[in-house]
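Asks: Okay, here's the structure, questions in a sec.
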Amino acid sequence: MASGSQKRIIQITGFKKQEKAALLKCLLKLNCVFIESKKYRNCTHLVAKKLCKSEKVLAACAAGKWVLTKEYIINSAESGRWLDETTYEWGYEIERDTHYSPQMQFAPKRWREELTNSSAPGAFHRWKVVLLVKRGDKRMACIRRVLKAGKATICSSENAEHNITHVLISGKISPLQNKKCHSEARHYPLQYIGHYLFQNEIQSPKDTQMNHFMAAQETDQGMSKMQLAKMKNVIIKHMYFTATIKHRLMQTDHLNSCNPEVRSTDWSRGTWSILQGLVEEDLLHDVVTELAAGQICSAPPVQLLHPLLEHVLSGNTDAVFFDKLCHVFYLVLHCNPPWKSPSMLKYYLDLLQCPVCKKGTWSLIEMLVRSCLYCETACHTVTVSGTEDELRIVHKTLLKFFFDLMKGEVEFLTKSLVEGTNSQHQQVLPETVLLKTFLLESGTTVLFTKHINILADWVILSHRELNGKNDAFRNEVAGLLNAILGTVLDYWIISGLLMDRNVFHQIPDLAHYLAISCDDFSVCQLKMFLYAIPSDWLQLFVAEAIFKQMCLQRNIAVSTEPLSLQKIVCSYSPALREIGMCETKMHKAKKKKIGQQPCPESQRTLQMLNGDKQSQVKVLPDLPDLIFNKLRAKTEVQSAHTKDNCILAEEVHKRNIKGETALHKACRNNKVERLIQLLSLPGIDINVKDYAGWTPLHEACNHGSTVCVREILQRCPEVDLLSQVDGVTPLHDALSNGHVEIGKLLLQHGGPVLLEQRNSHEKLPLDYVESVTVKEELFNLVYPGESIEDFYESREQDFCNQKKELCLISFTKMLMNFCSVYNLSTPLTVTLRALACSDVLPEMVCDSSKMKNAFSGDWLVDTYFKELETFEKLPQFHQEISENMLFFPSEQAKALLAVLETMVEACQCLNLSSA
13 MASGSQKRII QITGFKKQEK AALLKCLLKL NCVFIESKKY RNCTHLVAKK LCKSEKVLAA
73 CAAGKWVLTK EYIINSAESG RWLDETTYEW GYEIERDTHY SPQMQFAPKR WREELTNSSA
133 PGAFHRWKVV LLVKRGDKRM ACIRRVLKAG KATICSSENA EHNITHVLIS GKISPLQNKK
193 CHSEARHYPL QYIGHYLFQN EIQSPKDTQM NHFMAAQETD QGMSKMQLAK MKNVIIKHMY
253 FTATIKHRLM QTDHLNSCNP EVRSTDWSRG TWSILQGLVE EDLLHDVVTE LAAGQICSAP
313 PVQLLHPLLE HVLSGNTDAV FFDKLCHVFY LVLHCNPPWK SPSMLKYYLD LLQCPVCKKG
373 TWSLIEMLVR SCLYCETACH TVTVSGTEDE LRIVHKTLLK FFFDLMKGEV EFLTKSLVEG
433 TNSQHQQVLP ETVLLKTFLL ESGTTVLFTK HINILADWVI LSHRELNGKN DAFRNEVAGL
493 LNAILGTVLD YWIISGLLMD RNVFHQIPDL AHYLAISCDD FSVCQLKMFL YAIPSDWLQL
553 FVAEAIFKQM CLQRNIAVST EPLSLQKIVC SYSPALREIG MCETKMHKAK KKKIGQQPCP
613 ESQRTLQMLN GDKQSQVKVL PDLPDLIFNK LRAKTEVQSA HTKDNCILAE EVHKRNIKGE
673 TALHKACRNN KVERLIQLLS LPGIDINVKD YAGWTPLHEA CNHGSTVCVR EILQRCPEVD
733 LLSQVDGVTP LHDALSNGHV EIGKLLLQHG GPVLLEQRNS HEKLPLDYVE SVTVKEELFN
793 LVYPGESIED FYESREQDFC NQKKELCLIS FTKMLMNFCS VYNLSTPLTV TLRALACSDV
853 LPEMVCDSSK MKNAFSGDWL VDTYFKELET FEKLPQFHQE ISENMLFFPS EQAKALLAVL
913 ETMVEACQCL NLSSA
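No gaps in the numbering here: position 712 of the sequence shown is 724 in the numbering used here, and each next residue is one more.
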């Protein structure tokens with residue numbers, strides 16, 4: 013035993029790489045001797061990452077040494093001296109929510125105290141041991157070191173004495189193989205050393221002999237493993253209960269809807285050759301008509317379908333032709349899906365790529381998405397011009413086919429998961445088109461790949477582009493991208509279950525990236541984005557990421573543990589209350605006072621030159637109406653009579669390195685004549701954005717091009733006045749740069765909604781106007797006769813309520829989705845009965861408490877029963893969560909409380925069913 017004055021001799025166990033290096037760095041700051049060895053040495057202190065039956069832990073317990081947690085080293089290093097060991101010893105506190113039994117947790121402390129008080133040299137000091145282990149057994153040296161640490165006397169089996177107390181043997185050696193060992197000596201398996209140290213020794217003289225002990229142990233372990241495997245399979249079926257029942261009741265695939273009754277056709281090799289000849293004769297319409305008319309029992313050759321796909325991607329957007337081609341694709345998918353065989357998987361990977369470039373499925377998806385989002389052309393030259401909008405619809409439809417294919421792959425894997433025994437787990441991720449497209453090479457264990465990163469960016473961009481617009485095309489594209497990302501995540505989780513790996517720990521990185529990427533979203537946009545996520549798993553983790561971000565912004569500490577129901581109700585629920593209190597305090601402190609506001613740099617410079625008390629209208633004069641009218645008349649005459657200023661379409665759409673078009677340049681440089689000429693061209697897009705997201709109107713407002721702004725507002729009714737980058741609208745741009753006249757034009761044209769927009773710094777446009785007079789003048793343009801103080805009070809109250817609502821929605825989604833993905837509200841017995849497999853565990857089928865106590869050792873089973881235990885305690889948290897709603901608007905709080913009450917009722921029914 014170590015005394016306080018004795019120099020500490022330290023060994024560590026269970027730590028890897030960076031964690032180990034950090035501990036060694038701490039030890040360098042302390043006075044000690046560190047022994048670097050995989051074997052146990054005569055140390056005074058063993059620092060263990062976890063309790064286990066390893067050589068070092070067993071030997072330290074047997075020798076009565078200090079067995080401590082890593083915090084002992086870390087805190088001692090921070091203090092600059094060795095601290096008292098008592099509170100850092102394993103067994104000082106008995107944890108309830110752990111896999112270790114209380115006896116095992118208490119073992120190091122119990123043996124240290126017992127040997128100290130009794131002055132016994134070691135835990136085995138009364139033992140005389142014979143080791144009957146097969147020659148060459150690698151465990152022999154390790155066992156000898158543990159026994160010697162506990163001061164056991166090890167005797168030779170050939171010269172065994174009459175008073176041998178223990179005979180330790182391996183399972184392959186019979187006690188009868190050594191006749192010199194007396195029958196009165198009890199025989200034990202090697203595992204008995206661990207049982208003896210970590211649990212109380214059995215003192216009864218009727219202890220079972222080796223043959224009975226080993227037989228019973230092997231039988232129990234065999235039964236335990238079988239039952240654990242069955243229980244895990246039941247839990248998987250229970251988690252995917254809806255899919256399980258669906259697959260038992262419905263034998264048709266979701267793609268059947270795409271397959272109407274058609275005549276069955278026996279496609280021979282000769283038929284394919286004939287059709288290939290028609291393709292070579294450029295009779296593509298005849299080929300696609302023939303394919304669409306028959307039931308395709310075998311997949312058409314890729315060489316036959318690629319010319320048809322190339323015809324469409326080249327801009328030939330004949331609706332009838334494309335509809336038939338889509339029908340053919342869905343027929344092939346229904347009859348010969350990629351999960352049918354490895355050869356069919358290769359078939360789809362060959363088919364789903366650009367017929368011209370042939371760079372793979374990812375390249376094709378990237379082209380389709382960029383066309384839909386950025387209106388970019390295909391990866392090769394489009395031969396037919398003037399069909400951009402029709403071609404984008406074609407690209408969106410092909411993207412929808414990709415999604416249906418990948419969704420089918422995930423549904424097939426789910427079906428395999430819930431209907432199979434899952435007895436032999438896969439070693440790598442299941443090979444699918446989805447895997448090859450987004451997760452790169454087979455066998456990768458990384459979720460957040462480069463392609464997933466790009467997909468996440470597309471999802472965010474598509475939702476940013478919506479921004480309150482009622483654009484059906486953009487809405488559908490955003491929904492498709494969101495659904496694809498959710499499907500990828502569902503595949504990731506199901507594949508983890510198929511491989512028997514816990515892959516949940518990688519999901520928060522993706523969710524955090526999505527939440528951070530939404531920094532410039534308004535509160536309403538963020539709420540709609542969260543609602544739009546179709547995957548329960550993805551929505552769950554994104555809701556947590558948003559909630560954690562809100563806590564971080566308000567310096568509210570929350571648990572860093574992985575997401576669990578316990579964390580939601582015990583850590584996030586109190587944080588919910590703190591957010592509500594914080595928002596209420598901020599709202600009271602933020603009641604706006606009309607007067608001196610923070611002055612933008614541009615206005616501050618002008619005030620230094622012109623005097624503080626000058627009106628901004630005078631300081632920043634804009635072009636008078638008279639001059640404007642003269643200039644307008646002049647430019648109209650010039651544009652009407654001058655032919656030299658004709659601009660080619662290629663020049664109009666050409667972009668510079670920043671992505672700026674001719675419109676951007678004209679507005680930035682206040683080239684009014686050039687702008688009018690550009691706006692007169694057919695197909696010109698006034699809302700075109702550069703690579704940073706700025707529109708021509710932004711440029712005009714930012715640079716004070718008043719006449720350009722006026723021309724845009726008068727000539728382009730489709731101009732988007734709410735277009736924003738980081739929340740900066742054209743009105744923000746104008747007022748933050750002191751262009752008051754432009755601000756007036758925008759307000760007269762766009763109305764009060766422009767004043768209500770906030771940028772990413774939560775500032776309203778009027779916050780950038782310093783002069784009270786100018787501010788009131790702008791305000792009265794859209795709110796005549798109303799009080800600006802009331803406006804600010806109303807906006808702040810609305811904004812405060814929006815943030816509270818987002819907080820509540822995030823918390824509610826976490827609570828609902830977590831219970832949903834684990835199906836906690838449905839008793840496990842329901843799944844057993846529905847699957848007619850109640851004979852799996854007949855004695856426990858109606859008692860969830862028995863099942864919780866009986867099954868452990870598997871990560872999924874342990875996780876499920878841990879979450880179920882918390883769910884059954886929800887009634888205890890009902891009152892606390894209800895009280896946390898006091899700082900939230902009643903309408904919003906009622907929704908959460910209704911959800912909670914439904915869960916509590918389900919929990920009470922669950923408790924009754926298990927009682």
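Virtual Cβ for every residue (Gly too), placed ideally from N, Cα, C.
Computed from a predicted model, the values in this text were never measured in an experiment.
So if DSSP puts Tyr-200 in a beta bridge, which residue, or which two residues, is it bridged to?
Replies: For Tyr-200, which the question treats as bridged, DSSP gives the partners Leu-180.
Asks: For Asn-434, which three-state DSSP category applies?
Replies: With a pLDDT of 47 at Asn-434, under the threshold of 50, the predicted position of this residue should be treated as unreliable, though the coordinate-derived value follows. Asn-434: coil per DSSP, three-state reduction.
Asks: Report, in whole angstroms, the separation of the C-beta atoms of Val-142 and Ser-169, which I expect to be a contact under 8 Å.
Replies: Val-142 to Ser-169, Cβ: 5 Å. Contact.
Asks: Taking the alpha-carbon positions, what's the Ser-15 to Asn-175 distance?
Replies: Interpretation of Ser-15 is limited by its pLDDT of 49, a score under 50 that renders its predicted location unreliable; the figure taken from the coordinates is listed afterwards. Their backbone Cα atoms lie some 36 Å apart in a straight line.
Asks: Are Leu-872 and Cys-919 touching if we call contact CB-CB under 9 Å?
Replies: No, they are not a contact pair.
Asks: Quick one: measure Cβ to Cβ for Val-422 and Leu-364, integer angstroms, because I've assumed they're closer than 8 Å.
Replies: Wrong, their Cβ atoms sit about 17 Å apart, outside the cutoff.
Asks: Is the separation between the beta-carbon of Val-458 and that of Gln-551 shorter than 9 Å?
Replies: Going by C-beta atoms, Val-458 is not nearer than 9 Å to Gln-551.
Asks: Whole angstroms are fine: how far does the CA of Met-356 sit from the CA of Leu-376?
Replies: Each residue's Cα considered, the two are about 19 Å apart.
Asks: Can you give the Cα-Cα distance for Thr-25 and Thr-499, rounded to whole angstroms?
Replies: Taking the straight line joining both Cα atoms gives about 41 Å.
Asks: Where do the ends of the alpha helix (DSSP H) carrying Ile-669 lie?
Replies: No alpha helix (DSSP H) holds Ile-669; DSSP gives it neither H nor E.
Asks: With distance defined between alpha-carbon atoms, name the residue in Trp-284, Pro-586, Cys-347 nearest to Glu-892.
Replies: When each option's Cα is compared against that of Glu-892, the closest is Pro-586.
Asks: Indicate the three-state DSSP secondary structure (helix, strand or coil) for Phe-414 in the structure shown.
Replies: Reduced to three states, the DSSP call for Phe-414 is helix.
Asks: How many angstroms separate the CA atom of Ala-34 from the CA atom of Trp-78?
Replies: C-alpha separation (whole angstroms): 21 Å.
Asks: With Cys-154 as the anchor, note down where its alpha helix (DSSP H) starts and where it stops.
Replies: Unbroken alpha helix (DSSP H) run through Cys-154: 151 to 161.
Asks: Rounding to the nearest angstrom, what Cα-Cα distance links Arg-486 and Ile-405 in this structure?
Replies: Going from the Cα of Arg-486 to the Cα of Ile-405 covers about 11 Å.
Asks: DSSP three-state label for Thr-25, please.
Replies: Three-state DSSP puts Thr-25 in a strand.
Asks: Quick check on Leu-575: buried or exposed, where buried means 16 or more other Cβ atoms within 10 Å of its Cβ?
Replies: When all chains shown are included, Leu-575 counts as buried.
Asks: Would you call the region 79 to 91 in contact with the region 28 to 43, where contact means no fewer than 3 C-beta pairs closer than 8 Å?
Replies: Yes, since at least three Cβ pairs between the region 79 to 91 and the region 28 to 43 fall closer than 8 Å, the two stretches touch.
Asks: For Met-972, count neighbouring C-beta atoms within 10 Å of its own C-beta (all shown protein chains included) and say buried if the count is 16 or more, exposed if not.
Replies: With the chain covering only 13 through 927, there is no way to say anything about residue 972.
Asks: Which residue comes first and which comes last in the alpha helix (DSSP H) that contains Ala-746?
Replies: Ala-746 -> alpha helix (DSSP H) spans 742 to 748.
Asks: Kindly provide the ranges of any beta strand (DSSP E) runs that are 3 or more residues long and lie completely inside the region 295 to 355, ordered along the chain.
Replies: Within the region 295 to 355, the complete beta strand (DSSP E) runs of at least 3 residues are 306 to 308.
Asks: Would you call the CB atoms of Pro-313 and Leu-303 closer than 9 Å?
Replies: For Pro-313 and Leu-303, no; Cβs fall outside 9 Å.
Asks: Cβ atoms of Ala-161 and Trp-139: under 9 Å apart, would you say?
Replies: In this structure, Ala-161 does not lie closer than 9 Å to Trp-139 by Cβ.
Asks: Name the two residues that bound the continuous beta strand (DSSP E) containing Ile-166.
Replies: Segment 165 to 167, the beta strand (DSSP E) holding Ile-166.
Asks: Please list, in chain order, all residues of the same chain as Gln-288 whose beta carbon is under 8 Å from its beta carbon, the five residues on each side excluded.
Replies: Result list for Gln-288: Pro-313, Gln-315, Leu-316, in chain order.
Asks: Where does Arg-686 sit, in a helix, a strand or coil, going by DSSP?
Replies: Looking at Arg-686 - three-state DSSP - the assignment turns out to be helix.
Asks: Measure the C-alpha to C-alpha separation of Arg-275 and Thr-301 and round it to an integer number of angstroms.
Replies: A caution first: Arg-275 carries a pLDDT of 46, below 50, which makes its placement in the model unreliable, though a value can still be read off. Between Arg-275 and Thr-301, the C-alpha separation is close to 14 Å.
Asks: What does the Cβ neighbour count give for Lys-244, buried or exposed, with the cut at 16 atoms within 10 Å?
Replies: Lys-244 comes out buried.
Asks: Who pairs with Glu-101 in a beta bridge, going by DSSP?
Replies: For Glu-101, which the question treats as bridged, DSSP gives the partners Leu-80.
Asks: Can you give me the Cβ contacts of Cys-154 inside the same chain, cut-off strictly under 6 Å, excluding the 5 residues immediately before and after it?
Replies: Here the set comprises Glu-67.
Asks: Which of the three DSSP states, helix, strand or coil, is assigned to Val-570?
Replies: The answer is coil: DSSP assigns Val-570 none of H, G, I, E or B.
Asks: Would you identify the three-state DSSP class for Ala-10, choosing helix, strand or coil?
Replies: No information on residue 10 is available, as it lies outside the stretch 13 to 927 that the chain covers here.
Asks: Can you give, in chain order, each stretch of the beta strand (DSSP E) that sits fully within the region 686 to 736 and has at least 3 residues?
Replies: You should have found no qualifying run.
Asks: So, under 8 Å CB-CB, Ile-669 and Glu-723 are touching, yes? Tell me the CB distance rounded to an integer number of Å.
Replies: 27 Å between Cβ atoms; not a contact.
Asks: Ends of the beta strand (DSSP E) at Phe-46?
Replies: That run of the beta strand (DSSP E) goes 44 to 46.
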